[in-house]
Amino acid sequence: MSTLPPVEDIKAQIEAGVPGAVVTVVQNGSPSAQHSLLLGREHARDAALFLRDHAELRLDFCSLVTGVDWLDTETSEKVKVKKVVEGPDGTQQETEVEETRKTKIPGYLEAVYHLFSMEKKHGPVVIRVRTANRADYAHVPSLTPVWRSCEFQEREAFDLYGIVFDGHPDLRRILMWDGFADFPMRKDYVPPDDDALATVPHGKSPEVQA
Amino acid sequence: MSNDLLEVDPIAGQGEIMEVSMGPHHPSTHGVFRMDVRLEGEKVVRLKPVFGYLHRNHEKIAEHGAYLAAIPYTDRLDYLCSMTNNWGYCLAVEKLAGITVPERAEYIRVIVAELTRFQNHAGLVGFLLQDMGASGTPLMYAFREREKVLDLFESLSGARMMCNYMRFGGLRVDATAAWLDEVRRLLPALPRFLDEFENLLRANEILMARTQGTGRLSRELAVSAGVTGPMLRASGVNYDVRKVDKYGIYDRFDFRVPLGDHGDVYDRYMMRILEMRETVKILEQALRGIPEGPIMDPKVRLRGLRPKAGEAYGRIESPKGELGFFLISDGTTNPYRYRVRPPSMINLTILEDMCLGQNIADVVVTLGSVDIVLGEVDR
Amino acid sequence: MLGEGIIQGLLETARNFFGSYVEKDRLTTVQFPEERRPLPEASRNFPFLLYDGTDPDAGLRCVSCQICEKECPPRCIHIEKSKDKKPDFVGKMQAYPAVFDIDVSVCMSCQICVEVCPFDAIRMDTEFELSTTDRFGSLLYTKRELAKSNEYYRKIHPTEAAECDARRAKDVEDTKAKAAAAAAAAAAKAAQAKDPAAAPPPASSASTNGAAAPARSEVKENQ
Amino acid sequence: MNAAAADQIFVTLKHWALVHTPASLQVLVSILLTIIPIIVIFPAIFALSVLLERKGLGRMQNRYGPNRVGPFGILQPIADALKSLTKEDIVPRSADHVVHYLAPLVLVGAAFLGYAVLPIGRNMVAANLDAGVLFFFAIGAATELAVFMAGWSSRNKYSLLGAMRAIAQMVSYEIPLILSSVAVVMMSGTLSTTSIVERQAHYTATLAHWNVFTPWGLAGFFLFMISGMAETNRSPFDLPEGESEIIAGYFIEYSGFKFALFFLAEYLEIFSISGLGITLFLGGWSSPFSFFAWIPSWIWFFTKLFTFILFFIWVRGTLPRLRMDQLMNFAWKFMLPMALIVILSAGIWRFLPAQSAEMAVVRWLVCAVIIAVPYVVLARALEQGKRIEKRTYRYAE
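Residue numbers (the working numbering), protein chains in the order written: chain D, 60 to 269; chain U, 8 to 386; chain G, 126 to 348; chain P, 2 to 398.
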């Protein structure tokens with residue numbers, strides 16, 4: 060079992076091996092310290108191929124494909140701004156004033172791939188690919204041509220998140236039925252209130268009614 | 008994948024294509040599973056698995072609940088192996104929150120996980136033979152042994168199948184000395200059952216004729232398709248998460264990983280039989296080495312666990328293959344993203360590749376050898 | 126040679142055929158309604174509410190803190206808190222559930238409500254013959270159907286019940302000791318006021334409250 | 002009552018009944034008295050063997066089997082019958098109603114007709130035809146028609162697959178079935194079932210002259226029984242109804258009483274094939290040893306029949322099912338050549354002299370070798386053709 064180089068090295072290797080690839084390291088704050096690599100959409104497949112075929116990495120096994128939904132967020136940060144304020148004595152003086160600035164970060168959908176190597180027995184290397192926005196059908200390149208194991212899992216991410224994997228051989232709904240319109244795993248999904256099997260509403264026990 | 012018994016097929020390509028929808032109500036689909044099969048005579052020319060009939064959006068449910076509340080739901084993923092499902096999830100949470108597990112708890116985890124592996128493999132072999140038309144005899148032998156294991160689970164955790172036994176940081180209840188003695192008493196019976204099973208079937212010409220060369224899966228395709236578990240090892244790839252990750256305390260046990268060379272149904276069947284023997288070995292060692300001590304990390308807050316924002320992927324070797332849980336925490340009490348890597352579903356990816364050109368009777372056997380549980384495939 | 130394995134298999138089934146008449150452990154089947162296996166102590170099915178004494182209304186241990194309602198994974202518990210309060214087993218004034226419903230058609234027997242209950246008020250039953258002809262109504266268990274006595278609990282889970290009883294006995298004693306200490310302290314204070322020279326050391330017995338104490342504080346935090 | 006009277010009790014009873022009927026009705030009564038026992042007894046054996054099968058399979062699988070209805074569950078067949086009678090008879094909307102309705106009737110009718118030529122005791126045969134064996138096989142072929150009627154008319158893909166499998170299987174296995182009985186016909190010099198039995202009911206020392214005691218008879222008997230199993234769709238040749246693949250095959254769309262008729266017909270065929278096997282190879286109603294000859298002949302027949310039934314159950318409890326191509330392969334590449342060799346061996350047996358004891362032993366050995374050598378060769382070829390092997394496995398540390 061060989062050990063895996065740190066993600067920064069892998070990033071450098073990808074950038075060296077795939078011309079034009081944009082790779083960002085996404086730090087992971089949890090004790091697991093599984094940091095990930097964010098790949099640009101344009102070169103994601105090339106980078107994936109590079110990772111798979113690289114002699115030392117040999118990430119031949121894509122274990123897990125996940126869709127993640129990141130909603131539009133509003134971050135507010137407090138900034139200290141120098142302002143000229145009229146002092147109580149009438150003179151103009153500079154004081155530091157705290158101000159909240161709101162920045163709106165547009166949401167996106169993300170496909171996360173966990174790669175291992177069956178040959179070298181190391182892993183995981185986590186790669187992420189993000190869509191441009193959270194539109195109904197948001198596009199990322201499919202990695203099924205690289206790893207066959209992505210086939211069903213990408214279909215699932217398409218089914219539940221609406222991520223369209225360009226180049227997927229058979230992108231259909233997999234768990235929900237074909238006529239289903241929504242993407243139930245999205246964070247803003249509201250389930251329809253049509254549960255025909257809903258049980259007796261709580262609190263309606265005979266004791267209360269009496 | 009040629010059918011060696013029908014070398015000459017004069018009407019290939021001219022025959023009429025018949026579409027058969029096998030399932031969702033079919034005795035051999037192991038639940039509500041459908042295969043859209045196109046047949047030319049009895050030969051399969053296309054096969055598309057269709058599932059989702061049991062879909063309940065397990066992941067969404069788990070994201071709506073606290074970290075603790077997801078554990079009983081993991082029982083229902085692969086409902087035959089709730090103990091290993093618990094372990095997979097707890098391992099992921101432990102990685103996410105940096106929790107350590109006391110030694111005694113690790114030993115008990117190994118014991119119950121290996122018992123689970125045994126009963127799952129026994130059941131699968133029984134079902135596989137049932138799919139081959141063996142009128143229930145092997146299945147009943149397997150269930151006879153499984154029953155004994157389930158009795159143990161019941162007296163340990165209170166439930167036979169939905170054990171809900173493990174917690175991040177340890178276990179829910181301790182195993183008593185009497186329980187461990189029960190396991191020790193059971194152990195000699197397990198190899199005896201395996202011998203019986205082999206007598207019944209190992210040299211059986213019909214079994215060999217039905218399974219050898221059926222549903223072949225090449226090494227390269229198996230790796231690329233992310234097939235894991237006994238199915239991968241039957242194709243000759245030495246990859247067992249217990250050996251690779253050495254999660255828990257698996258580095259302390261001496262066991263071997265059987266490997267197949269042909270990657271056909273017979274190899275997959277034999278992998279399970281041989282793994283059961285190794286499982287008995289692990290159990291013997293674990294029962295010898297189990298220490299006294301606490302079973303729960305006292306610092307862990309089960310209720311209202313708030314891991315630091317971040318993510319973790321924890322995986323174990325479940326009887327079906329690599330069972331992984333991917334968790335993203337945003338610092339609240341609920342996981343922001345909870346994702347299961349269902350080995351059954353991913354192993355199904357190459358079902359069509361294995362079945363093309365085979366007989367319809369082989370489809371059933373090949374599907375049986377994949378070892379799927381629809382609770383996990385559909386989630 | 127062709128046929129060898131088949132004969133081997135035939136012999137094995139024959140052995141099992143005769144063996145099933147001789148060896149007891151081959152037949153795992155139990156002739157159910159007549160023959161009942163004793164349930165293991167850990168066995169669990171659906172939750173019930175514990176009460177002390179003989180009156181389910183007066184002795185119900187539940188203080189309707191609603192932790193189980195919140196933690197229940199399938200959310201099958203419904204609790205409405207009472208407006209008034211009544212003293213619990215240590216004499217502290219506590220609310221009680223005006224409504225406590227469990228929808229056992231939803232319940233998945235996971236035992237999490239039992240684990241999180243800081244008052245030992247909810248436990249798992251072992252009764253499993255619960256079939257009804259009505260799909261919804263009769264599977265919605267109300268407070269009255271759920272309440273079962275401590276004696277019943279001792280019968281179905283003896284070890285667990287003994288631990289629980291010991292814990293509660295200790296709670297009662299601690300409370301008494303606390304009260305006694307408080308009384309002593311008050312008396313001492315009074316005495317001190319009279320005679321400042323003879324001050325006793327401060328009471329130290331009030332600190333131990335075992336496992337229940339952190340749980341209690343957690344309750345407050347959650348509420 | 003002496004042994005001979007006990008042996009002939011049913012024959013005597015029938016005569017007595019006929020004597021007491023008016024002459025104008027005698028033919029009708031005679032026919033009824035022959036047919037009604039067959040129609041009553043064999044379905045009764047069906048009920049009994051279903052019970053035996055369920056109990057036996059249960060025990061082989063370490064279960065109890067049915068034990069609720071009546072003491073030890075012996076009334077289970079009655080409960081089963083009531084259940085199937087009261088069940089709703091469902092006919093698919095798109096089915097061919099007439100054919101769908103007729104199929105089980107034709108099947109049961111054909112299954113019953115075979116009993117006409119089975120001697121179930123001394124002087125106890127419904128129709129003593131000169132070409133009894135031929136009649137039996139001709140009638141047996143009619144079941145194929147019924148099976149295809151059922152499969153076709155149901156308008157179900159599975160039932161069609163099942164019917165096609167059934168036809169292919171039955172046609173293929175009829176050849177070794179008939180060829181293996183040709184050896185017996187050749188040796189006996191007659192096609193009449195009663196004469197075949199009578200020729201076997203002689204004794205040398207105490208041992209009967211059953212065909213199964215000769216090498217060609219033994220091999221022919223096994224071939225006959227294997228083909229018989231395939232012909233009656235018994236496990237391990239139950240492909241036409243293989244419930245794990247094509248669910249129930251040709252009778253998937255039948256329910257209630259029609260389904261029960263299929264079930265009945267299947268068992269009736271098993272009994273009649275077994276009965277013919279007994280007649281051809283196991284001396285029919287004759288006892289194996291001369292000192293047991295006092296036991297009534299019909300008891301011998303039914304004892305042998307039940308032994309067969311138990312063996313069928315035993316095999317069913319043990320073996321998985323073959324695949325279609327393997328089944329065909331087995332029929333054409335193994336059963337057919339073996340059946341021809343059995344005929345050859347029987348011919349040689351016929352012409353080798355066996356006046357002295359030594360000569361008899363030599364003849365026995367020669368005929369046995371003629372069969373054993375091709376068996377080894379063909380079995381090897383079959384195994385190698387399928388490339389089946391016992392495997393050993395490697396381990397990774």
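Built from N, CA and C at the ideal position, the CB exists for glycine as well.
Note the first and the last residue of the continuous beta strand (DSSP E) segment covering Y273/U. For Y273/U, there is no enclosing beta strand (DSSP E); the enclosing alpha helix (DSSP H) has its first and last residue at V272 to G296.
Are there 16 or more other CB atoms within 10 angstroms of the CB of Y345/U, so buried, or fewer, so exposed? Burial call: buried.
Please go through the same chain and pick out, in chain order, the residues whose beta-carbon is closer than 6 Å to the beta-carbon of I186/D, but skip the five residues on each side of it. So the qualifying residues of the chain are L96, L98 and Y172.
Pair every Cβ in the region 145–153 of chain U with every Cβ in the region 54–69 of chain P, then say whether three or more of these pairs are closer than 8 Å. Between the region 145–153 of chain U and the region 54–69 of chain P there are three or more C-beta pairs closer than 8 Å, enough to call the two in contact.
For the beta strand (DSSP E) that contains M168/U, what are its first and last residues? Per DSSP, M168/U lies in no beta strand (DSSP E) and is assigned neither H nor E.
Can you name the residues that DSSP bridges to C201/G? C201/G pairs with nothing; no bridge assigned.
Tell me whether the region 254–269 of chain G and the region 97–110 of chain U touch, counting them as touching only if at least three CB pairs, one residue from each stretch, are closer than 8 Å. Counting Cβ pairs under 8 Å, fewer than three are found: no touch.
The region 130–140 of chain D touching the region 106–120 of chain D, judged by at least three CB pairs closer than 8 Å: Contact check between the region 130–140 of chain D and the region 106–120 of chain D: fewer than three CB pairs, one atom from each, fall below 8 Å, which does not count as touching.
With a threshold of 8 Å between beta-carbons, can V380/U be considered close to chain D, or not? For V380/U, the answer is no, since every Cβ of chain D falls outside 8 Å of its Cβ.
Taking the straight line between their C-alpha atoms, what separation do you get for H101/P and E23/U? Looking at the backbone, the Cα of H101/P and that of E23/U are separated by about 25 Å.
Give me the Cβ distance between E121/U and L159/U, rounded to the nearest whole Å; I'm assuming they're in contact under 8 Å. E121/U to L159/U, Cβ: 12 Å. No contact.
Using a C-beta to C-beta distance shorter than 8 Å, which residues of chain P count as neighbours of I131/G? Going along chain P in sequence order, the residues near I131/G (Cβ under 8 Å) are T319 and L320.
Rounded separation between Y376/P and E390/P - CA only: Taking the straight line from one Cα to the other gives about 18 Å.
Can you find the residues in the same chain that come closer than 7 Å, C-beta to C-beta, to A184/P, ignoring five residues on each side of it along the sequence? For A184/P, where only same-chain residues beyond five positions count, the Cβ hits under 7 Å are W217, G221, V343, I344 and A347.
For Q201/P, count neighbouring Cβ atoms within 10 angstroms of its own Cβ and tell me buried if that reaches 16, exposed if not. Classification for Q201/P: buried.
Hey, is Y102/P's beta-carbon within less than 8 Å of any beta-carbon in chain G? With a threshold of 8 Å between beta carbons, Y102/P makes no contact with chain G.
Going by beta carbon distance, what residues of the same chain come within less than 6 Å of I353/U, once the five residues before and after it are set aside? Annotation for I353/U: G233 place their beta carbon closer than 6 Å to its own, counting only its chain and skipping 5 residues before and after.
Taking 8 Å as the limit between beta carbons, can you name the residues of its chain near T207/P, skipping five residues before and five after? Counting only Cβ-Cβ distances below 8 Å, and skipping sequence neighbours, we find F290, S291 and F292.
How should S288/P be labelled, buried or exposed, when 16 other C-beta atoms within 10 angstroms of its C-beta is the threshold for buried? Under the 10 Å beta carbon count, S288/P is surrounded by 16 or more other beta carbons and is classified as buried.
According to DSSP, what are the bridge partners of M392/U? Because chain U here runs from 8 to 386, residue 392/U falls outside it and cannot be looked at.
Residues bridged to C235/G (per DSSP): Answer by DSSP bridge pairing: none, since C235/G is not bridged.
Rounded to the nearest angstrom, what separates Q292/U and Y257/U at their Cα positions? Going from the Cα of Q292/U to the Cα of Y257/U covers about 11 Å.
Are the C-beta of V52/U and some C-beta of chain D separated by less than 8 Å? Cβ-Cβ to chain D under 8 Å: no for V52/U.
Can you give me the C-alpha to C-alpha distance between M283/U and L197/U, rounded to a whole angstrom? In this model, M283/U and L197/U are separated by some 9 Å (Cα to Cα).
Following the continuous alpha helix (DSSP H) through G126/D, name the residue where it begins and the one where it ends. No alpha helix (DSSP H) contains G126/D, which is instead part of the beta strand (DSSP E) from F120 to W129.
Exposed or buried, I79/P, counting other C-beta atoms within 10 Å across all chains shown (16 or more means buried)? I79/P comes out exposed.
Please identify, using Cβ separations under 9 Å, the residues of the region 128–145 of chain U that lie next to chain G, in order along the chain. With the criterion set as a beta carbon lying under 9 Å from some beta carbon of chain G, the members of the region 128–145 of chain U are T144, in sequence order.
Where does M215/U fall in DSSP's three states? DSSP, reduced to helix, strand and coil, places M215/U within a helical segment of the structure shown.
Are M171/P and N366/U close, meaning C-beta to C-beta below 8 Å? Contact: no.
Could you tell me whether any Cβ in chain U is nearer than 8 Å to the Cβ of N334/G? Note that N334/G has pLDDT 40, beneath the 50 cutoff, so the model's placement of it is unreliable and the number below is only indicative. Chain U places no beta carbon closer than 8 Å to that of N334/G, leaving this residue out of the contacts.
In whole angstroms, what separates the C-alpha of D209/G from that of A220/G? C-alpha separation (whole angstroms): 6 Å.
K217/G: which of Q191/G, C187/G, H203/G and C232/G sits nearest, CA to CA? Checked all of Q191/G, C187/G, H203/G and C232/G; the closest Cα to K217/G is C187/G.
Is S9/U helix, strand or coil by DSSP? Its pLDDT being 38, under 50, S9/U is placed unreliably in this model, and the coordinates cannot settle the point.
Neighbourhood of W186/U by C-beta, 8 Å cutoff - its chain only, sequence neighbours within 5 removed: Counting only residues of its own chain and dropping the five nearest sequence neighbours on each side, W186/U has a CB closer than 8 Å to the CB of L159, S162 and L163.
Contacts that M230/P makes with chain G (C-beta to C-beta distance below 9 Å): Close to M230/P, with beta-carbon spacing below 9 Å, lies no residue of chain G; the smallest spacing is near 12 Å.
Hey, S273/P and Y116/P: beta-carbon distance below 8 Å or not? Cβ atoms of S273/P and Y116/P: closer than 8 Å.
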